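A.B. asks: So the protein lines, in turn, are chains R and F.
Anchor point for the first sequence: position 253 equals 252 in numbering that gives the first Met the number 0, and the numbering is continuous, going up by one each time.
Anchor point for the second sequence: position 100 equals 99 in numbering that gives the first Met the number 0, and the numbering is continuous, going up by one each time.
Beta carbons are placed, not taken as given, at the ideal position from N, Cα and C, and that holds for glycine.
The model shown is predicted, which means the values in this text are computed figures rather than measured ones.
Mind having a look at this structure? Questions to follow.
2 protein chains.
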Amino acid sequence: MSERAYNFSAGPAILPEPVLKQAQKDIWNIFDSGMGVLELSHRGPQFDRILAEAEADCREVGNIPDNYRVLFLQGGATLQTAMIPMSFLPAGETADYFDTGKWASDAIKEAKKFGTVHVAGTTKELKYKRLPTEAETKFSPDAAYCFFVSNNTIYGTQWHNLPKSRAPIVCDMSSDFFCRPHDFTKYAMVYASAQKNIGPSGQAIAVISDEFLANAPEGKLATMLDYKVMAAQESRPNTPNTFAIYLMGQCFKWIKNFGGLRAIEEYNKEKAKIVYDYLDNSKFFIPHAEKQDRSLMNITFKCAKPELDEVFIDQAENAGLKTIAGHRSIGGMRASIYNAFPIEGCRALVKFMKDFESKHG
Amino acid sequence: MSERAYNFSAGPAILPEPVLKQAQKDIWNIFDSGMGVLELSHRGPQFDRILAEAEADCREVGNIPDNYRVLFLQGGATLQTAMIPMSFLPAGETADYFDTGKWASDAIKEAKKFGTVHVAGTTKELKYKRLPTEAETKFSPDAAYCFFVSNNTIYGTQWHNLPKSRAPIVCDMSSDFFCRPHDFTKYAMVYASAQKNIGPSGQAIAVISDEFLANAPEGKLATMLDYKVMAAQESRPNTPNTFAIYLMGQCFKWIKNFGGLRAIEEYNKEKAKIVYDYLDNSKFFIPHAEKQDRSLMNITFKCAKPELDEVFIDQAENAGLKTIAGHRSIGGMRASIYNAFPIEGCRALVKFMKDFESKHG
Numbered sequence: 000m001s002e003r004a005y006n007f008s009a010g011p012a013i014l015p016e017p018v019l020k021q022a023q024k025d026i027w028n029i030f031d032s033g034m035g036v037l038e039l040s041h042r043g044p045q046f047d048r049i050l051a052e053a054e055a056d057c058r059e060v061g062n063i064p065d066n067y068r069v070l071f072l073q074g075g076a077t078l079q080t081a082m083i084p085m086s087f088l089p090a091g092e093t094a095d096y097f098d099t100g101k102w103a104s105d106a107i108k109e110a111k112k113f114g115t116v117h118v119a120g121t122t123k124e125l126k127y128k129r130l131p132t133e134a135e136t137k138f139s140p141d142a143a144y145c146f147f148v149s150n151n152t153i154y155g156t157q158w159h160n161l162p163k164s165r166a167p168i169v170c171d172m173s174s175d176f177f178c179r180p181h182d183f184t185k186y187a188m189v190y191a192s193a194q195k196n197i198g199p200s201g202q203a204i205a206v207i208s209d210e211f212l213a214n215a216p217e218g219k220l221a222t223m224l225d226y227k228v229m230a231a232q233e234s235r236p237n238t239p240n241t242f243a244i245y246l247m248g249q250c251f252k253w254i255k256n257f258g259g260l261r262a263i264e265e266y267n268k269e270k271a272k273i274v275y276d277y278l279d280n281s282k283f284f285i286p287h288a289e290k291q292d293r294s295l296m297n298i299t300f301k302c303a304k305p306e307l308d309e310v311f312i313d314q315a316e317n318a319g320l321k322t323i324a325g326h327r328s329i330g331g332m333r334a335s336i337y338n339a340f341p342i343e344g345c346r347a348l349v350k351f352m353k354d355f356e357s358k359h360g
Numbered sequence: 000m001s002e003r004a005y006n007f008s009a010g011p012a013i014l015p016e017p018v019l020k021q022a023q024k025d026i027w028n029i030f031d032s033g034m035g036v037l038e039l040s041h042r043g044p045q046f047d048r049i050l051a052e053a054e055a056d057c058r059e060v061g062n063i064p065d066n067y068r069v070l071f072l073q074g075g076a077t078l079q080t081a082m083i084p085m086s087f088l089p090a091g092e093t094a095d096y097f098d099t100g101k102w103a104s105d106a107i108k109e110a111k112k113f114g115t116v117h118v119a120g121t122t123k124e125l126k127y128k129r130l131p132t133e134a135e136t137k138f139s140p141d142a143a144y145c146f147f148v149s150n151n152t153i154y155g156t157q158w159h160n161l162p163k164s165r166a167p168i169v170c171d172m173s174s175d176f177f178c179r180p181h182d183f184t185k186y187a188m189v190y191a192s193a194q195k196n197i198g199p200s201g202q203a204i205a206v207i208s209d210e211f212l213a214n215a216p217e218g219k220l221a222t223m224l225d226y227k228v229m230a231a232q233e234s235r236p237n238t239p240n241t242f243a244i245y246l247m248g249q250c251f252k253w254i255k256n257f258g259g260l261r262a263i264e265e266y267n268k269e270k271a272k273i274v275y276d277y278l279d280n281s282k283f284f285i286p287h288a289e290k291q292d293r294s295l296m297n298i299t300f301k302c303a304k305p306e307l308d309e310v311f312i313d314q315a316e317n318a319g320l321k322t323i324a325g326h327r328s329i330g331g332m333r334a335s336i337y338n339a340f341p342i343e344g345c346r347a348l349v350k351f352m353k354d355f356e357s358k359h360g
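As structure tokens, this is what we get:
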């Protein structure tokens, strides 16, 4: 096999090669300081620079308004699913949640530990192959917030328009953050785990409006669960995950060099089209997600003959198309093609699919 | 300056050079998989191996009994200071805490959000320059647990014997975990952030006895705050911090290659002795910690003439002795010489101190 494979992992996922090469250097000695990036005091001048640049580049890439805080948080997306209701769902109020897949339904379970949840729409009975339509949606009258997961990795669906709630919108953007431009002014809060488009696992980023943040309680929560403390202390009341922040900063710089989110979006569309076009013209493979809601990030499909799925996955693995098995809950295949995934890998996948079809069709 | 400086950072701190060199390779392509360590699915065979080896090596190095769980947890040590009272301090009960410095007093503040705390001993009025004596200690009659911080980075003190509580002992071992052998059977729970002796920041390890773990509540806490969920799902109910676990695993292997914790202890004693011997014979420098409680990991001192501290720090920095400033709360100097810090650096520090003394003495 070649030195680097085409890695279709749904996350932790492939990272940009220039970022990896820079990290290889900086692990040994960053900024010619004689210290590696993992070894820097989180209060020293080198890390001050890393943190400041990461936030500035994030704001620039995302066109994030000044009245939004950018927070670097530990615990991944799962901790966010608890922190949000702990902070923003007071007793006596209700939050609207869309149930569009495993991560959404896990978020619902988590929120129910802390408050009242109303499910505004679900497509569970359809195996989440599409999103709820407006006709299928019912908001509660006065929700504290409306929560949705913008991209559902397991099923390969993605919201291409925001839900039309009048409540503050809270979005888990873990698997499509910075896959295209976002209008942050439409959200009260967005969060994302880093390990898809912008870094390593074990880290989340949150973008919160000052107005929404003001609703959080004061001084009651554990320090690490307190958005206000995190905002006031610029993501470091304790020692932050310095390496994750460094690596996210490198990914933001890579996106800038790529031409920004508009260019990334074009590239992601081009990549996805290569695979979807083939799928749409094949009777051998069956896509899981319905066309109108399908994801730019995760392409889910099966062989029409179910017994061939495992054969496909094994042979793909041997051909250097790695980690293409679908999530255990729905099986089949999943090609995750995040920002850093190269277009050549999409072409290689389609070529492999064609060959496989002609052999087994 | 030479390629790598002597880095006295209190944490994130210097890592073993063989670990950094291995990480440089594995970031690009690990196990010849064609994927970098940051890019591996946390459910794939490569990461299964990394996690299994990290735990096995940790158990072997630490001689951790089978009836103790080893958990890899996100959020650093600070989150532990909340999770412990949330899990193990039920309403109506009291926990004993020793106040031996900033991290201990922060843990007390955090615990008070969730339950009743009794301060069993404090040396706050002495600027924490030593630990409370037995005569100064008063335990509560029936504590849920007794909490202490085994090494106080800021002041340079370290417990060389356990507090004599009859309650289950819970220890924050963040800054001296694996600096020497530990008898885990004497503890109900030990936790440590990784960024001193065993890895990068943003990650903690916990070693908990099954008996103590059984006291934690069931199904009430947020998933990420639930030790029972973490234990049942082997530290990955969600995507763990895969890189931190990898790097901790590499540090455990490095300790094994070094000859284990007994050899590490000898090395750490030898390193500390070089600096303490000089300090004990100098009137120019004044050590902060009292002899009987001083730390193998963090050596704190000042110049007898306070105006020279800043000069010392600046000139040391220029001489490649980096990050030697004391914590802002007590000032002066702090030489953190964790496991990976080389003995040559201690010699270089003493040589620098001698030169400085002869110039300014």
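#1: Run through the segment 291-346 of chain R for me and flag every whole beta strand (DSSP E) of 3 or more residues, listed as ranges in chain order.
#2: For a contact defined as C-beta to C-beta under 8 Å, what are the partners of isoleucine 26/R on chain F?
#3: Count the C-beta pairs between the segment 190-204 of chain R and the segment 75-87 of chain R that are closer than 8 Å, then say yes if the count reaches three, no if not.
#4: Inspect the beta-carbon positions of alanine 215/F and serine 104/F and report whether they are closer than 7 Å.
#5: Of all Cβ atoms in chain F, is any one closer than 7 Å to the Cβ of methionine 0/R?
#6: At 9 Å on the CB atoms, spell out the chain R contacts of phenylalanine 242/F, in chain order.
#7: From isoleucine 83/R to threonine 222/R, what does the alpha carbon distance come to, in whole angstroms?
#8: Out of curiosity, what's the CA-to-CA distance linking glutamate 92/R and isoleucine 204/F?
#9: Within the same chain, show all residues whose beta-carbon is closer than 7 Å to that of phenylalanine 257/F, passing over the 5 residues directly before and after it, in chain order.
#10: Do the segment 341-352 of chain R and the segment 2-12 of chain R meet, that is, are 3 or more Cβ pairs less than 8 Å apart?
#11: Kindly give me the distance between the Cβ atoms of serine 149/F and aspartate 171/F, rounded to whole angstroms, as I take these residues to be in contact under 8 Å.
#12: Going by DSSP, name the residue or residues bridged to phenylalanine 87/R.
#13: Contact criterion: CB-CB distance below 7 Å. Does glutamine 73/R meet it with respect to chain F?
#14: Any idea if asparagine 240/R is buried or exposed, counting beta-carbon neighbours within 10 angstroms, 16 or more meaning buried?
#15: Counting C-beta neighbours from all protein chains within 10 Å, is the total for methionine 0/R 16 or more, i.e. buried, or is it exposed?
#16: Which complete beta strand (DSSP E) runs does the segment 24-76 of chain F hold, if anything under 3 residues is left out?
#17: Unbroken beta strand (DSSP E) runs of length 3 or more, entirely within the segment 104-158 of chain F: which are they?
#18: Of the residues Glu133/F, Asp292/F, Met34/F, Phe147/F, which one's Cα is nearest the Cα of serine 173/F?
#19: Return the first residue and the last residue of the beta strand (DSSP E) that tyrosine 190/F is part of.
#20: My output table needs one value for serine 357/F: the three-state DSSP class, helix, strand or coil.
#21: Since tyrosine 245/F and valine 36/F should fall inside the 8 Å C-beta cutoff, what is the C-beta to C-beta distance between them, to a whole number of angstroms?
#22: Hey, how far is the Cα of alanine 231/F from the Cα of histidine 41/R?
#23: Going by alpha carbons, who is nearest to proline 167/R out of Ile29/R, Asp141/R, Asn151/R?
#24: Taking the alpha-carbon positions, what's the aspartate 31/F to arginine 333/R distance?
#25: Please report the straight-line C-alpha distance between glutamate 356/R and glutamate 289/R, rounded to a whole angstrom.
#26: Mapping DSSP to helix, strand and coil, what is isoleucine 168/F?
#27: Could you tell me which chain F residues have their CB closer than 8 Å to the CB of isoleucine 321/R, listed as they occur along the chain?
#28: Starting from threonine 115/F, find everything on chain R with Cβ-Cβ shorter than 8 Å and list it in chain order.
C.D. replies: In this structure, then:
#1: 297-302, 332-335
#2: By 1-based counting over the first sequence, the position of residue 26/R is 27. By Cβ distance, chain F contributes Leu19, Ala22, Gln23, Ile26.
#3: yes
#4: The residue labelled residue 215/F in the question sits at position 216 within the second sequence. The residue labelled residue 104/F in the question sits at position 105 within the second sequence. Cβ atoms of alanine 215/F and serine 104/F: not closer than 7 Å.
#5: Looking up residue 0/R in the first sequence gives position 1. At methionine 0/R the pLDDT is 42, less than 50, meaning the model places this residue with poor confidence and gives no usable figure here.
#6: Translated into the one-based positions of the second sequence, residue 242/F becomes position 243. Ordered by position in chain R, the residues that pass the 9 Å Cβ test against phenylalanine 242/F are Pro11, Pro199, Ser200, Gly201, Phe242, Ala243, Leu246.
#7: For the purposes of this step, residue 83/R is identified with residue 84 of the first sequence, where counting begins at 1. For the purposes of this step, residue 222/R is identified with residue 223 of the first sequence, where counting begins at 1. Answer to the nearest angstrom: the Cα atoms are 14 Å apart.
#8: As a first step, residue 92/R is located in the first sequence; it is residue number 93 there, counting from the start. As a first step, residue 204/F is located in the second sequence; it is residue number 205 there, counting from the start. So the alpha carbons of these two residues sit roughly 37 Å apart.
#9: As a working mapping, residue 257/F is identified with position 258 in the second sequence. Counting only Cβ-Cβ distances below 7 Å, and skipping sequence neighbours, we find Ile263.
#10: yes
#11: The residue labelled residue 149/F in the question sits at position 150 within the second sequence. The residue labelled residue 171/F in the question sits at position 172 within the second sequence. Between aspartate 171/F and serine 149/F the Cβ distance is about 7 Å, and since that is below 8 Å, they are a contact.
#12: The sequence position of residue 87/R within the first sequence is 88, counting from 1. Answer by DSSP bridge pairing: none, since phenylalanine 87/R is not bridged.
#13: Taking the first sequence and counting its residues from 1, the one referred to as residue 73/R is at position 74. Yes, glutamine 73/R counts as interfacial toward chain F.
#14: Here residue 240/R corresponds to residue number 241 of the first sequence, with the count starting at 1. Flag for asparagine 240/R reads buried.
#15: As a first step, residue 0/R must be located in the first sequence, where it is residue number 1. Bear in mind that the predicted position of methionine 0/R carries a pLDDT of just 42, short of 50, making it unreliable; the figure below should be weighed with that in mind. With fewer than 16 other Cβ atoms within 10 Å, it is exposed.
#16: The segment 24-76 of chain F contains, as complete beta strand (DSSP E) runs of 3+ residues, the segments 67-73 (chain order).
#17: 115-121, 145-148
#18: Here residue 173/F is taken as the residue at index 174 of the second sequence, counted from 1. Comparing Cα-Cα distances from serine 173/F to each of Glu133/F, Asp292/F, Met34/F, Phe147/F, the minimum goes to Phe147/F.
#19: If you number the second sequence from 1, residue 190/F lands on position 191. Run containing tyrosine 190/F: 188-192, per the beta strand (DSSP E) assignment.
#20: Numbered from its first residue, the second sequence carries residue 357/F at position 358. Three-state result, serine 357/F: helix.
#21: Reading the second sequence from its first residue, position 246 is the one you call residue 245/F. Reading the second sequence from its first residue, position 37 is the one you call residue 36/F. Yes, tyrosine 245/F and valine 36/F are in contact; Cβ-Cβ is about 5 Å, under 8 Å.
#22: One-based indexing of the second sequence puts residue 231/F at position 232. One-based indexing of the first sequence puts residue 41/R at position 42. Whole-angstrom Cα-Cα distance: 33 Å.
#23: The sequence position of residue 167/R within the first sequence is 168, counting from 1. Minimum Cα distance to proline 167/R is reached at Asp141/R.
#24: To locate residue 31/F, count along the second sequence from 1; it is residue 32. To locate residue 333/R, count along the first sequence from 1; it is residue 334. Using only the alpha carbons, I get a separation of about 23 Å.
#25: To locate residue 356/R, count along the first sequence from 1; it is residue 357. To locate residue 289/R, count along the first sequence from 1; it is residue 290. Roughly 22 Å between the two C-alpha positions.
#26: The sequence position of residue 168/F within the second sequence is 169, counting from 1. If DSSP states are grouped into helix, strand and coil, isoleucine 168/F belongs with the strands.
#27: Taking the first residue of the first sequence as 1, we reach residue 321/R at position 322. In the sequence on display, residue 321/R carries lysine and not isoleucine. Simply Ser32, Gly33, Met34.
#28: The residue given as residue 115/F occupies position 116 in the second sequence. Those within 8 Å of threonine 115/F in chain R number zero; the least Cβ separation is about 17 Å.
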